[in-house]
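Written below as structure tokens is the structure these notes are about.
Structure representation (structure tokens):
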């Protein structure tokens, strides 16, 4: 309950009166008995009749109350009065915030000869009107100087105080600059885009290698690789990569908070979590053929898919480790090394794949072996980089601290499990839609058209994913460093950049819609139908772009569970049912399924936009402070 009683207002300033040669301070008389001497300051202090001191923030009119118990004329009493005022700059600007953490106050260092004139008035309940002149003692004067220099002036200080464990100082949020932030976002986005596009290529390379083998079973080989990749993505990659989205939140916020060593702890959490995840992933994918047979796939294709999956399984742990390293480095705005490593991995996959598949007796198995070796290259190629840049490792690696990592497992899983479902729901919706395509009339042509749309949408999605990751990093860094205005601007610019890029890609696809299908299929009828269907892909692509960036904002602020619920509603409550209705009841065919999915993702994007628009960014920064404490 707030304490009642009349208030006596006194404002503090370092330049409200003039100090004479004798050391006395000239003060102006209060207008009435209810007011004390007035001082010019950015922070107002109010004293109640019941002995309570209340601090008001000039920017948000927050009140914070502290009880006085000591004699007000003593230096200790001044410290008790002024300490909450000094700490007020570190508190959340929104009074509704549920995160209230006491902040330590650091004694300032004073340089000799630089003591400014301090005008201090001591309040007393027995004497509501101050004397005209006050001659402070040397001890009171020194204490007043130390206390007043801790008062916030024009800037709101961050909640990140000096921490003896990490050794980083307070941050002050400056006015965000739109041009500077947009440039930083673009510089961070393009290497990430290249990285994800390069990581998308190995699957296409494997299908191309087996599709050009001199064998009568070429079609079965292509179907086997396709089904193996699909099953591995849904039961292996999505599980590991989804859990790793916890790193998007934890590492970016820890880096922004000036606690880089915590990123090493989170990395060890990821090793533990994904290490245990590998076990069920191995079991599921070792029996890929049995699951595919149970799903009604042709026996020969199912056996080939199972064989391919068992050969690429040894590379999955390496892929998981690389994903953790990638997110850890991205949180530090280190993105270019992953581009070079992805290029190297693709070169290994292509060169080894061509040799093993076409020039040895391994044939079909050679493509899988080359894929596995290229996955092994991804994390191992980081070793030379770390050896050449040891300062990068020293910044975040605290040594093996498994006990601390175990203590952080709950926080990791709280973010990782919803992140996994966020990813799975989106991927599952595409596979379910592919099953419905198989039930359409003339399913062979329909599947060909659908495969073209899927490949092109996946390729363009990597551009949006790069922007989403860059936005995630910027928002997470700013939230962690207690700069809510910068975080808000970064999220808005990320959405704007995604719309700009998606519009440019839509124009390119529209003008090349009859040329792009030839890359994937060669049947004239299918090419013509695919070119027409690509027109229906454009609205989906634009909503997908902005939705992916908004989910990046959710990851940067630790709201993976919200994104998972939005995906569940958008894809499964609206997208798939609406698409099935258009495809079968209204006979729109493949275009109907994609239009339905577009409606679902548009609904999800609208909800996401409203949630971000109504985000209390001060609460996000307070939550990050709790999360990284």
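In UniProt numbering, the protein residues as written are 1 to 629.
In this text, a Cβ means the ideal position worked out from N, Cα and C, and glycines have one as well.
query, result
"Endpoints, alpha helix (DSSP H) assigned at residue 450", "443 to 480"
"Given residue 326 as reference, the closest of 247, 317 and 258 once Cα atoms are compared", "247"
"Whole-Å CB distance - residue 480 paired with residue 257, under 8 Å assumed", "4 Å"
"Cutoff 8 Å: residue 533 Cβ touching any chain C Cβ", "Considering every chain present, this structure includes no chain C. It has just one protein chain."
"Beta-carbon spacing of residue 579, residue 586 below 8 Å", "no"
"Three-state secondary structure (DSSP) of residue 538", "helix"
"Residue span of the alpha helix (DSSP H) that contains residue 372, given as start and end", "364 to 380"
"Whole-angstrom C-beta distance between residue 287 and residue 231, which should lie under 8 Å", "That belief does not hold up - the Cβ atoms of residue 231 and residue 287 are roughly 10 Å apart, past 8 Å."
"Cβ neighbour criterion (16 or more within 10 Å) applied to residue 529", "buried"
"Three or more C-beta pairs below 8 Å linking the stretch 301 to 318 and the stretch 358 to 368", "yes"
"beta-carbon residue 470 near the ligand ATP non-hydrogen atom, thresh 7 Å", "This structure lacks the ligand ATP, and indeed carries no ligand of any kind."
"Alpha helix (DSSP H) segment containing residue 316, residue limits", "316 to 331"
"Status (buried if at least 16 other CB within 10 Å, exposed otherwise) for residue 219", "exposed"
"Inter-residue CB distance, residue 491 and residue 475 (contact presumed, cutoff 8 Å)", "5 Å"
"Validate contact between the stretch 338 to 346 and the stretch 279 to 286 using beta carbons, cut 8 Å, 3 pairs", "no"
"Endpoints, alpha helix (DSSP H) assigned at residue 483", "No alpha helix (DSSP H) holds residue 483; DSSP gives it neither H nor E."
"Option nearest residue 510 by Cα separation, candidates 534, 563 and 221", "534"
"The alpha helix (DSSP H) enclosing residue 213, as first and last residue numbers", "Where residue 213 is concerned, there is no enclosing alpha helix (DSSP H), given that its DSSP letter is neither H nor E."
"Inter-residue CB distance, residue 383 and residue 348 (contact presumed, cutoff 8 Å)", "Actually they are not in contact, since the Cβ atoms of residue 383 and residue 348 sit about 15 Å apart, beyond 8 Å."
"Counted within 10 angstroms of its Cβ, other Cβ atoms place residue 269 as buried (16 or more) or exposed", "buried"
"Which of helix, strand or coil DSSP assigns to residue 601", "helix"
"DSSP three-state assignment for residue 244, whether helix, strand or coil", "coil"
"C-alpha distance - residue 624 paired with residue 617, whole-angstrom precision", "11 Å"
"Residue ranges of each alpha helix (DSSP H) within the stretch 177 to 239, 4 or longer", "178 to 211 and 218 to 232"
"Short Cβ contact (8 Å threshold) for residue 436 with residue 545", "no"
"Same chain only: Cβ atoms within 6 Å of residue 381, ignoring 5 sequence neighbours per side", "341 and 344"
"Contacts around residue 320, its chain only, beta-carbon distance under 6 Å, and the 5 residues preceding and following it disregarded", "240 and 274"
"Rounded distance between the beta-carbons of residue 201 and residue 672, thought under 8 Å", "Past the edges of the chain, shown from 1 to 629, lies residue 672, and the structure says nothing about it."
"Exposure label - residue 379; buried when at least 16 CB within 10 Å", "buried"
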